[in-house]
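To start, the structure itself, in structure tokens.
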């Protein structure tokens, strides 16, 4: 056994399990502390660390942080002596650029994994979804990467989408609060 990578570590590669098996675990308390989820950690130790899945030869991991350009969202631990094919970030990015259908497949799998993770750690809304509904949601969901300061939606606009913040932070304000902030007054 041993740790392949820890939750919160910089993402530098993609992995394919060639031999052995690994487990993917999420420390829910660390997610809350890192502002990666609005979630109250359980009072019991076993509720704090959630096993997301066990992977065997042919499975792959590490793609989510590379695709969404973030730190590792889970820890991966070898459960036994294991062998991996490791592809660096640069080579992984080049591979996806060369094969658009592979890029599309990896992005769909990322969305499924993100939603299943939210389901398994019992985040509101997602905890009630069946696996079939998670798959359905992943197929219609879109991964958006926005620059700092971008407006996701504006007060008064018709609601056209449901947004889930996977990485980063947002500021929610009303038009009155924004105007007051510009004027230097408080509302």
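Residue numbers (my numbering): 764 to 950. Note that beta-carbon positions come from the ideal geometry of N, C-alpha and C, so glycine has one too.
Looking at C-alpha atoms only, which residue of the options is the closest neighbour of residue i?
{"i": "residue 830", "options": "844, 817, 853", "result": "853"}
{"i": "residue 815", "options": "933, 872, 789", "result": "789"}
{"i": "residue 848", "options": "869, 878, 767, 906", "result": "767"}
{"i": "residue 769", "options": "855, 875, 840, 817", "result": "840"}
{"i": "residue 867", "options": "906, 879, 888", "result": "906"}
{"i": "residue 894", "options": "875, 851, 838", "result": "875"}
Assign residue i to buried or exposed, taking buried as 16 or more other Cβ atoms, counted over all protein chains shown, within 10 Å of its Cβ.
{"i": "residue 765", "result": "exposed"}
{"i": "residue 877", "result": "buried"}
{"i": "residue 828", "result": "buried"}
{"i": "residue 928", "result": "exposed"}
{"i": "residue 873", "result": "buried"}
{"i": "residue 780", "result": "buried"}
{"i": "residue 773", "result": "exposed"}
{"i": "residue 857", "result": "exposed"}
{"i": "residue 934", "result": "exposed"}
{"i": "residue 859", "result": "buried"}
{"i": "residue 850", "result": "buried"}
{"i": "residue 826", "result": "buried"}
Just confirm the distance between the C-beta atoms of residue i and residue j, as a whole number of angstroms; I'd bet it's less than 8 Å.
{"i": "residue 787", "j": "residue 824", "result": "6 Å"}
Tell me the residue span of the beta strand (DSSP E) that contains residue i.
{"i": "residue 815", "result": "812-818"}
{"i": "residue 790", "result": "785-790"}
{"i": "residue 782", "result": "776-782"}
{"i": "residue 931", "result": "No beta strand (DSSP E) holds residue 931; DSSP gives it neither H nor E."}
Can you find a CB in chain D that lies within less than 8 Å of the CB of residue i?
{"i": "residue 847", "result": "Of the protein chains in this structure there is only one, and it is not chain D."}
Any chance you could list the beta strand (DSSP E) runs of at least 3 consecutive residues sitting entirely within the segment 820-908, in chain order?
-> Segments of the beta strand (DSSP E) lying fully in the segment 820-908: 838-841, 846-851.
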